[in-house]
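First the structure, in the form of C-alpha cells, and then the observations on it.
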Amino acid sequence: MSASGDDPWLWAFYAAVVALTALAAMPDPRSSRAAARAWWWPPPMAALVLWGVVAVASVTRLIVPSLVELFRREPVRTRDGGQWWRVLTAGLVEDGGVVVTAANLVLLAVVAIAAVRIWGWYRAAALFVVGQILWGLFTTFVSPSVGAGTSGATLALAASIAGLWPVVGARRRLLLASSATFLLGVVLVAFDDAHGVAVLIGMLLGAVLGTVLPPRRPAVLNSGSLGGVTS
Numbered sequence: 020m021s022a023s024g025d026d027p028w029l030w031a032f033y034a035a036v037v038a039l040t041a042l043a044a045m046p047d048p049r050s051s052r053a054a055a056r057a058w059w060w061p062p063p064m065a066a067l068v069l070w071g072v073v074a075v076a077s078v079t080r081l082i083v084p085s086l087v088e089l090f091r092r093e094p095v096r097t098r099d100g101g102q103w104w105r106v107l108t109a110g111l112v113e114d115g116g117v118v119v120t121a122a123n124l125v126l127l128a129v130v131a132i133a134a135v136r137i138w139g140w141y142r143a144a145a146l147f148v149v150g151q152i153l154w155g156l157f158t159t160f161v162s163p164s165v166g167a168g169t170s171g172a173t174l175a176l177a178a179s180i181a182g183l184w185p186v187v188g189a190r191r192r193l194l195l196a197s198s199a200t201f202l203l204g205v206v207l208v209a210f211d212d213a214h215g216v217a218v219l220i221g222m223l224l225g226a227v228l229g230t231v232l233p234p235r236r237p238a239v240l241n242s243g244s245l246g247g248v249t250s
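Following this line, the structure appears as C-alpha cells:
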C-alpha cells in the first residue's frame with residue numbers, strides 16, 4: 020500500500036475529504052453570511068499555531084534538505100534502530116518539492132480552522148498528533164514505507180469531524196457528508212493508497228472522542244451561529 024501520494028489524481032480525493040468535512044461543518048451562508056465569513060477569518064489562534072509549527076518545519080526542510088533524513092519515516096530504523104521519533108516527526112516535514120509542500124499547507128490551513136472551531140483547541144491538537152502517530156505506526160509496521168508529509172495527519176484530523184457527526188445527532192446534510200467521507204476513505208484503500216487508512220483512522224478517533232469527551236457546543240447544535248467551541 021502506497022503512502023507517497025505521487026499520483027496527482029489522488030489529490031482530488033484528498034481535497035474532497037477536506038472540502039466535505041470543513042465546508043459541510045461551517046454555518047450555512049444562506050442563513051447567516053456574517054457567521055460564515057467569521058468561520059474562516061480571523062482564524063483561531065490555535066489553528067494558526069498548529070499551521071505555523073508545520074509550516075516552519077516544512078519550509079525549513081526546503082532550505083535544509085538534509086532535515087528530511089532526520090525526520091522522515093524509515094521503518095527499518097524505527098524497528099531495528101529504536102528511532103521512534105520518526106513516527107511523529109514524519110508528519111512535520113514534506114519529502115516532496117515546493118508544490119507538494121504548498122498543497123499540504125493549504126489543506127492543513129483549511130482543516131485546522133474547521134477542527135479548532137468544532138473540537139476546541141486541545142481536542143484538535145490531540146487529534147492531529149494521535150492521528151499522525153497511528154498513521155505513522157501503520158505505515159511503519161503494517162504497510163512499511165519510507166517518506167514524510169503532513170497529509171496523513173491532516174486527513175485524519177479532517178475525517179475526525181466526519182466521525183463526530185453520527186454520535187452527536189447531526190443534521191441530515193452532515194450525516195451525508197460523514198457517509199461520503201467514509202466512502203472516500205474506502206475508495207482510497209481500494210486504490211491501495213494508505214491515505215484511505217488515515218481517513219478511516221480519523222473517523223474512528225472522532226467517533227470515540229465525540230462519545231467520551233464531546234465538544235460542549237458542536238456546530239451542528241448551534242444552527243445559525245458560528246458554532247465554535249470553548250472547551
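So for the sequence shown, the working numbering puts the first residue at 20; every next one is plus one. We treat Cβ as the ideally placed atom computed from N, Cα and C, and that holds for glycine.
- With respect to the 7 Å criterion, Phe-147 and Leu-176 are classified as neighbours on the basis of their beta carbons.
- Taken through DSSP and simplified to helix, strand or coil, Arg-92 comes out as strand.
- When DSSP states are grouped into helix, strand and coil, Asp-26 belongs to the coil group.
- Comparing alpha carbon positions, the residue from Val-75, Thr-158, Arg-192 and Leu-194 closest to Arg-98 is Thr-158.
- Under the DSSP assignment, Gly-110 falls outside any alpha helix (DSSP H); it carries neither an H nor an E label.
- As summarised for the stretch 146–186, the continuous alpha helix (DSSP H) elements at least 4 residues long and confined to that stretch are 170–183, given in chain order.
- Rounded to whole angstroms, Ala-74 and Leu-124 show a C-alpha spacing of 7 Å.
- Closest by C-alpha distance to Phe-32, out of Met-222, Asp-212 and Pro-234, is Asp-212.
- Taken atom to atom, the span from the alpha-carbon of Ala-44 to that of Gly-139 is near 14 Å.
- Taking a cut-off of 8 Å on C-beta distances, the stretch 162–172 touches the stretch 77–92, as three or more cross pairs fall below it.
- Cβ contact annotation for Gly-110 (same chain, cutoff 6 Å, sequence separation greater than five): Gln-151, Thr-169 and Ala-172, in chain order.
- In the structure shown, Asp-212 adopts extended strand secondary structure according to DSSP, grouped into three states.
- By the neighbour-count definition (other C-beta atoms within 10 Å, threshold 16), Ala-131 is a buried residue.
- Secondary structure of Asp-99 (DSSP, three-state): helix.
- Taking Thr-40 as reference, the option from Ile-220, Leu-219 and Ala-133 with the minimal CA-CA separation is Ala-133.
- Check the Cα spacing between Thr-108 and each of Trp-154, Arg-136, Val-135 and Pro-63: the tightest is with Trp-154.
- For Val-118, the enclosing alpha helix (DSSP H) covers residues 117–138.
- Per DSSP, reduced to three states, the secondary structure at Leu-194 is helical.
- CA-CA distance, Val-118 to Leu-195, rounds to 32 Å.
- Looking only at Ala-55, Ala-35, Gly-225 and Ala-38, the smallest Cα-Cα distance to Arg-142 is reached by Gly-225.
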